[in-house]
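What follows is a set of notes on a single structure, which appears directly below.
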Amino acid sequence: MTEATQPIQRRAIALVSGGLDSMLAVKVMQEQGIEVEGVNFFTGFCVEGHTHAIRKKDKDKDKRNNALWVAEQLGIKMHIIDISEEYKDVVLNPKHGYGANLNPCLDCKIFMVNQATLMINKAREFAGDRGFDFIVTGEVIGQRPKSQRKETMPIISQESGADDRLLRPLCAKNLPATLPEREGWVNRDELFDFSGRNRKPQMALAKHFGLDDFAQPAGGCCFLTDESYSNKLADLWKARNERRYELDDIMLLKVGRHLRPKPHYKLIISREEGENRFLEGYRYMFTSITTVSCPGPLALVDGNFENEEELQQAAAIVARYSKGRVQDEVTLEIRQADGVARQVTVKPALPDDVPVAWNVG
Amino acid sequence: MWGDDMSDVIHELDTRRLLCPMPVIKTQNKVRTLQTGDQLRVISTDPGSLNDIPAWCRINGHEVLETGEQGHEVYVLLRVGEDNGALF
Numbered sequence: 001m002t003e004a005t006q007p008i009q010r011r012a013i014a015l016v017s018g019g020l021d022s023m024l025a026v027k028v029m030q031e032q033g034i035e036v037e038g039v040n041f042f043t044g045f046c047v048e049g050h051t052h053a054i055r056k057k058d059k060d061k062d063k064r065n066n067a068l069w070v071a072e073q074l075g076i077k078m079h080i081i082d083i084s085e086e087y088k089d090v091v092l093n094p095k096h097g098y099g100a101n102l103n104p105c106l107d108c109k110i111f112m113v114n115q116a117t118l119m120i121n122k123a124r125e126f127a128g129d130r131g132f133d134f135i136v137t138g139e140v141i142g143q144r145p146k147s148q149r150k151e152t153m154p155i156i157s158q159e160s161g162a163d164d165r166l167l168r169p170l171c172a173k174n175l176p177a178t179l180p181e182r183e184g185w186v187n188r189d190e191l192f193d194f195s196g197r198n199r200k201p202q203m204a205l206a207k208h209f210g211l212d213d214f215a216q217p218a219g220g221c222c223f224l225t226d227e228s229y230s231n232k233l234a235d236l237w238k239a240r241n242e243r244r245y246e247l248d249d250i251m252l253l254k255v256g257r258h259l260r261p262k263p264h265y266k267l268i269i270s271r272e273e274g275e276n277r278f279l280e281g282y283r284y285m286f287t288s289i290t291t292v293s294c295p296g297p298l299a300l301v302d303g304n305f306e307n308e309e310e311l312q313q314a315a316a317i318v319a320r321y322s323k324g325r326v327q328d329e330v331t332l333e334i335r336q337a338d339g340v341a342r343q344v345t346v347k348p349a350l351p352d353d354v355p356v357a358w359n360v361g
Numbered sequence: 001m002w003g004d005d006m007s008d009v010i011h012e013l014d015t016r017r018l019l020c021p022m023p024v025i026k027t028q029n030k031v032r033t034l035q036t037g038d039q040l041r042v043i044s045t046d047p048g049s050l051n052d053i054p055a056w057c058r059i060n061g062h063e064v065l066e067t068g069e070q071g072h073e074v075y076v077l078l079r080v081g082e083d084n085g086a087l088f
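Order-wise, the sequence lines are chains A and B. If you read the first sequence in our numbering, its first letter stands for residue 1, the second for the next number, and so on. If you read the second sequence in our numbering, its first letter stands for residue 1, the second for the next number, and so on.
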C-alpha cells in the first residue's frame with residue numbers, strides 16, 4: 001500500500017460520564033481501531049464525589065473521579081469542561097420539559113452533544129485529518145425514561161447539530177446507519193442492539209472486555225434526578241420569587257439539614273464535622289450561627305431575620321441540634337457576613353417546636 | 001528534589017473550597033497556559049484531589065513530583081509534560 005492510500009486514522013470524541021455504558025461505548029470503538037478522546041462536562045449538579053468529599057464519615061471511602069478513572073482504564077485522554085454557567089439555561093428553560101423531578105434530561109443530552117459537536121467542528125477546522133470525525137455516546141434506547149427513548153434519539157441528533165455524526169455503539173443496530181457506519185469507518189455488524197432497562201447485555205459485554213470494576217450510579221450521576229434535591233431547588237426559587245441560581249447555591253443544596261421556619265429565611269445546619277468545615281467557607285457570604293457554651297453545628301442563614309424574635313427562634317433551633325439540646329440554656333454566637341457578631345442565650349427548641357413541614361427536601 | 005528540576009519557577013494554583021471536579025478542571029486549564037517542564041503546585045481542600053489530580057496527570061502525561069497534606073489542605077506538585085493539553 002502506498003503512502004497516498006494509507007487509510008486515515010478516524011478519531012472520535014466520546015461523552016464519558018464515568019458509568020458503564022459510556023465506558024463500553026468507547027471500548028467498542030477502540031476494538032474497531034477508532035482513536036477516542038473523552039469529554040466530561042461539569043454542570044454543577046454532578047453527584048461525583050461531592051458528598052463524599054464533604055462528609056467526614058465518608059472520608060475513608062474511595063473518592064476517585066469516575067470519568068478520570070474510566071479514561072485511565074481505557075487509555076484515553078479526557079477533557080473535563082466546566083459548563084456550569086451555560087448550563088443554567090438548560091435547567092431553567094428546558095424546551096422539552098423536566099422528567100420526574102427537575103431533571104431536564106433530554107435538553108441536557110442535546111446540550112452536551114451540541115458542545116461536543118462544537119468541539120469536533122473546531123478541531124476539524126484547526127487540525128484537519130487530526131481532528132475528530134464523529135461523536136460517541138453510551139446511550140441505549142429505553143434506558144432512561146426522559147431522554148433515552150426511540151423517539152428522542154433523532155431529536156438529540158438533529159437539535160444538537162451532530163446529525164449523522166452521532167454514533168451510539170450500544171444501540172446502533174436499532175437506529176438508521178450513521179455517517180461513520182455508511183463510510184465504513186466502523187463496521188455496523190460489530191455494533192450492538194441493546195434496548196430497555198435490562199442491564200444484563202451491558203454486564204455480559206463488560207465481562208467480555210474483562211471490565212469488572214465500574215461505577216453504577218442508580219439514578220444517573222446528576223442531583224437533579226433526586227427528588228429531595230429537586231425539592232430544595234424548587235424551594236429556593238419560590239423563596240426568591242424568581243427562577244435563578246448561582247453555583248454556590250446549588251453546592252449548598254448538597255450539604256446539611258435545610259429547614260425553612262419562615263418564607264424569608266432558611267437554615268442550613270451541618271450534620272457532622274466535614275459539613276461544618278465546608279459551611280465554614282461560606283460564613284463570609286451569610287449570617288451564621290454557632291454554639292458557644294457546648295459543641296454544636298454550624299448553621300448558615302439564607303435570608304434575613306425580620307425581627308429579634310426570629311433570630312431567637314433560629315438560635316433555639318440550632319441549639320436543638322447541639323450537644324446542649326437537653327440543657328436549660330445554650331449560648332450561641334450570631335455572626336453577620338461582615339464579621340460583626342453578638343451572643344444570645346436561648347432555651348433549645350423541643351422536637352415539637354421544629355415541625356416536619358419546615359424540612360426542605 | 002526541586003533544585004534539580006529544569007525550571008526554578010513553581011507556579012501556584014489555589015483551588016481551596018472547590019470540590020471535585022473543579023480542582024482538576026482548574027489544573028487542566030492552568031496547565032494549558034504553561035510550558036513543558038514548568039512546575040505547578042495545586043492547593044486544595046478537597047481530599048479527593050489527591051486521587052484525581054495525579055490520575056489526570058497520568059492520563060495526560062504530566063509528572064507528579066510530590067503530594068501531601070497540611071492540616072485540612074492537600075497539595076500536588078506536578079511537572080508539565082510534552083503536551084500541555086491545549087485542544088487546538
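Note that beta-carbon positions come from the ideal geometry of N, C-alpha and C, so glycine has one too. The model shown is predicted, which means the values in this text are computed figures rather than measured ones.
(1) Please list, in chain order, the residues of the segment 16 to 35 of chain B that have any C-beta partner in chain A closer than 9 Å.
(2) Name the chain A residues that come within less than 7 Å of ILE59(B), Cβ to Cβ?
(3) Do the CB positions of VAL113(A) and THR137(A) come within less than 8 Å of each other?
(4) Classify VAL186(A): buried if its beta carbon has 16 or more other beta carbons within 10 angstroms, exposed otherwise.
(5) Where does ARG11(A) land, buried or exposed, given buried means 16+ other C-beta within 10 angstroms?
(6) Taking all protein chains shown into account, decide if VAL255(A) is buried (16 or more other Cβ within 10 angstroms of its Cβ) or exposed.
(7) When the cut-off is 8 Å and only beta carbons count, does ARG124(A) lie next to chain B?
(8) What are the complete beta strand (DSSP E) segments, minimum 3 residues, inside the segment 95 to 144 of chain A?
(9) Nearest CA to the CA of ILE317(A): which residue from GLU306(A), LEU332(A), ASN307(A), GLN148(A)?
(10) Determine the direct distance from the alpha carbon of GLU72(A) to that of GLU36(A), and round the result to whole angstroms.
(11) Suppose you measure from the CA of GLY219(A) to the CA of ASN231(A); what does that come to, to the nearest Å?
(12) Rounded to a whole number of angstroms, what is the C-alpha to C-alpha distance between PHE126(A) and ALA86(B)?
(13) Are ILE53(B) and THR27(B) touching if we call contact CB-CB under 8 Å?
(14) Around the C-beta of HIS72(B), are 16 or more other C-beta atoms found within 10 angstroms, so that it is buried, or is it exposed?
(15) Assign GLU275(A) to one of two classes, buried (16 or more other C-beta atoms within 10 Å of its C-beta) or exposed (fewer than that).
(16) Closer than 6 Å by C-beta to LEU92(A): which residues in its own chain qualify, once you throw out the five before and the five after it? Chain order, please.
(17) Quick one, which of CYS46(A), ASN103(A), MET203(A) has its alpha-carbon nearest ALA234(A)'s?
(18) Are the C-beta atoms of ARG271(A) and some chain B residue less than 8 Å apart?
(19) Which residues does DSSP list as the beta-bridge partners of GLY19(A)?
(20) Check the Cβ-Cβ distances between GLU275(A) and every residue of chain B, and say whether any is below 8 Å.
From the atom records:
(1) ARG16, ARG17, LEU19, CYS20, PRO21, MET22, VAL24, ILE25, LYS26, GLN28, ASN29
(2) LEU68, ALA71, GLU72, LYS77, MET78
(3) yes
(4) buried
(5) buried
(6) buried
(7) no
(8) 134 to 136
(9) LEU332(A)
(10) Note that residue 36(A) corresponds to Val in the displayed sequence, not to Glu. Their backbone Cα atoms lie some 12 Å apart in a straight line.
(11) Bear in mind that a pLDDT of 49 at GLY219(A), under 50, signals an unreliable position, so the model cannot answer this.
(12) 12 Å
(13) yes
(14) exposed
(15) buried
(16) ARG243
(17) ASN103(A)
(18) no
(19) ALA215(A)
(20) no
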